[in-house]
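Peer 1: Note that my numbering has the sequence shown beginning at 26, numbered continuously upward. I am attaching a structure below and will ask some questions about it afterwards.
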Amino acid sequence: MPQQSSFPDMSHHPTFQAAFADAHRRGGSGHVFNYKGKQYTTDRADGREARVPDNRGAFHHEVRRGWHNANEWEKNHTGWAVGDRVRNAISGNDRSDGVERLVSGGGVTSAAVDRQRAEYHKREAEKQRKREAEKTKK
26 MPQQSSFPDM SHHPTFQAAF ADAHRRGGSG HVFNYKGKQY TTDRADGREA
76 RVPDNRGAFH HEVRRGWHNA NEWEKNHTGW AVGDRVRNAI SGNDRSDGVE
126 RLVSGGGVTS AAVDRQRAEY HKREAEKQRK REAEKTKK
């Protein structure tokens with residue numbers, strides 16, 4: 026069964042090498058991306074990590090993951106993004122005419138993108154926890 030990709034489809038790159046380089050640059054090892062209908066990991070054959078480590082911590086990624094999961098659910102069930110509701114409530118611009126709805130375009134990302142971003146943050150949180158556990162062993 027295919028895994029959830031952490032990134033958008035990379036088929037726009039002219040070569041697999043360019044797609045792999047872009048995906049690895051974005052997430053380092055431990056992620057999955059799609060290229061021309063097939064799934065690949067961002068793990069390098071030599072095991073090297075070419076990406077600068079993300080040191081924001083597991084908690085940061087868990088919070089972001091939760092936000093993307095909530096947005097995905099909200100978009101799938103109501104057409105709204107949670108962030109739209111929060112922004113509207115803060116600004117007093119609670120529009121009921123549907124202008125801010127997801128279906129209007131407006132630059133709001135799709136539920137599928139939130140699903141990819143949630144997967145990205147899940148994998149990054151796992152890497153952070155592993156890194157933190159290795160530090161405490163030393």
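Positions of the beta carbon are idealized from the N, C-alpha and C atoms, including for glycine. This one's a predicted model, so the numbers in the text were calculated from it and none came from an experiment.
What is the DSSP secondary structure of T66, reduced to helix, strand or coil?
Peer 2: Mapped onto the sequence shown, residue 66 falls at position 41. Reduced to three states, the DSSP call for T66 is strand.
Peer 1: Would you decide whether V77 is buried or exposed? Buried here means 16 or more other CB atoms lie within 10 Å of its CB.
Peer 2: Here the question's residue 77 lines up with position 52 in the sequence shown. Exposed.
Peer 1: Under three-state DSSP, which class holds F32?
Peer 2: By 1-based counting over the sequence shown, the position of residue 32 is 7. Three-state result, F32: coil.
Peer 1: Enumerate in chain order the residues of its own chain whose CB-to-CB distance from N164 is below 6 Å, with the five nearest sequence positions on each side excluded.
Peer 2: The displayed coordinates of the chain run from 26 to 163. Any statement about residue 164 would go beyond what the structure contains.
Peer 1: Which whole-angstrom value describes the C-beta separation of K61 and S36, a residue pair presumed to lie in contact below a C-beta threshold of 8 Å?
Peer 2: Sequence index remark: in the sequence shown, residue 61 carries index 36 (1-based). Sequence index remark: in the sequence shown, residue 36 carries index 11 (1-based). Confirmed, about 5 Å.
Peer 1: Cβ of S54 within 8 Å of Cβ of D68?
Peer 2: The count along the sequence shown starts at 1 and reaches residue 54 at position 29. The count along the sequence shown starts at 1 and reaches residue 68 at position 43. Yes.
Peer 1: Helix, strand or coil for V57, going by three-state DSSP, please let me know.
Peer 2: Taking the sequence shown and counting its residues from 1, one reaches residue 57 at position 32. DSSP places V57 in strand when its eight states are reduced to three.
Peer 1: Could you give the C-beta distance for E97 and R148, rounded to a whole number, given that I count them as a contact under 8 Å?
Peer 2: By one-based count along the sequence shown, residue 97 stands at place 72. By one-based count along the sequence shown, residue 148 stands at place 123. Going by Cβ atoms, the distance from E97 to R148 rounds to 16 Å, so no, they are not a contact pair.
Peer 1: What did DSSP end up calling N80 once you bin it into helix, strand or coil?
Peer 2: Along the sequence shown, read from residue 1 onward, the residue named residue 80 stands at position 55. Residue state, collapsed to three classes: coil.
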